[in-house]
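Participant: To start, I am sharing the structure in question, which I have written as structure tokens.
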Amino acid sequence: MANDVTHLYEEFGDDRLPPGQRETQRFPVLSKSGTPSWDPETWSFEAWGAVDTELDLSFDEFRDLPAETQVQDFHCVTGWSKFDCEFEGVTFSTLADAVGVDDDAVHVMFHAMDGYTTNLPLDQCMRDEVMFVWGYDGEDLPADHGGPLRVVTPHKYAYKGAKWVSGVEFLTEPERGYWEKRGYSNTANPWNEERYS
Ligand SMILES: Nc1nc2c(c(=O)[nH]1)N[C@H]1C(S)=C(S)[C@@H](COP(=O)(O)O)O[C@H]1N2
Ligand SMILES: [Mo]
């Protein structure tokens with residue numbers, strides 16, 4: 001059964017659709033560069049930094065982690081929102097349990113196969129809705145949307161969710177990712193319209 005988390009907006013605002021957004025039925029693709037190719041034989045996901053146990057998982061090993069399905073909304077900073085996306089994958093906190101996060105870890109950097117990075121405070125990643133996902137609407141996540149594996153962050157603009165995620169780094173100091181260094185908001189709360197900084 002899918003867990004519907006679309007009510008999370010109630011924490012942030014009165015309306016499910018954040019201010020300045022319009023709802024779309026389509027699922028547009030937004031990437032800084034092209035869709036990278038990947039080889040299922042050599043694909044790996046790494047977790048490193050301020051952790052007890054660094055991980056290097058194959059795709060099959062990643063998919064052996066305890067999985068769940070959630071229905072989430074998706075808000076792009078360029079102004080469109082897509083409601084009721086069904087994502088299947090592993091929550092960030094499940095992955096965090098597997099690595100044993102150090103007490104002094106406060107921040108997280110996500111790394112992706114196209115060189116993209118994005119950052120969030122650790123507590124913002126530990127929300128149940130932050131997931132590493134491989135499934136979308138009952139199918140494999142399409143490559144353009146970040147397959148084989150991407151991050152989703154329904155409480156933030158979608159640039160906080162790395163497509164083609166290849167690793168997660170646990171940090172003891174905040175750092176900024178690709179768009180956060182180039183003028184997008186570091187905090188990215190859609191209900192406060194934190195688009196640019
Ligand atoms: N690796 C990677 N992840 C990324 C991006 C990117 O260029 N590379 N773009 C971000 C931006 S700006 C948005 S709005 C969403 C778009 O996701 P979509 O293409 O599935 O709609 O992915 C985010 N994650
Ligand atoms: Mo975006």
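Taking UniProt numbering, the leading residue of the sequence shown gets 1, the next gets one more, and so forth. Just so you know, even glycine gets a beta-carbon here, dropped at the ideal spot from N, CA and C.
(1) Give me the Cα-Cα distance between Val29 and Trp80, rounded to the nearest whole angstrom.
(2) What did DSSP end up calling Val99 once you bin it into helix, strand or coil?
(3) Once you ignore the five residues that flank Phe74 on each side, which residues in its own chain have a CB closer than 6 Å to its CB?
(4) Would you call the region 45 to 56 and the region 183 to 195 touching, i.e. three or more CB-CB distances under 8 Å?
(5) Beta carbon of Met126, beta carbon of Val152: below 8 Å?
(6) Taking Asp144 as the reference, give the member of Thr118, Asp114, Gly138, Phe170 with the closest Cα.
(7) Just the Cα atoms here: how many angstroms apart are Lys163 and Gly100?
(8) As an exercise, report each continuous alpha helix (DSSP H) stretch of at least 4 residues that is fully enclosed by the UniProt domain "Oxidoreductase molybdopterin-binding" (34 to 179), in chain order.
(9) Going by CA-CA distance only, name the one from Ala50, Gln72, Asp60, Glu41 that's closest to Asp137.
Facilitator: Concretely, from the data shown:
(1) So the alpha carbons of these two residues sit roughly 11 Å apart.
(2) Reduced to three states, the DSSP call for Val99 is helix.
(3) Taken in chain order, the residues that qualify are Lys82, Cys85, Ala158.
(4) Judged by Cβ distances under 8 Å, the region 45 to 56 makes no contact with the region 183 to 195, as fewer than three pairs qualify.
(5) Contact flag unset, no.
(6) It is Asp114 whose Cα lies nearest to the Cα of Asp144.
(7) In a straight line, the C-alpha of Lys163 is about 24 Å away from that of Gly100.
(8) Within the UniProt domain "Oxidoreductase molybdopterin-binding" (34 to 179), the complete alpha helix (DSSP H) runs of at least 4 residues are 59 to 63, 92 to 99, 122 to 125.
(9) Of the candidates Ala50, Gln72, Asp60, Glu41, the one whose C-alpha sits nearest the C-alpha of Asp137 is Gln72.
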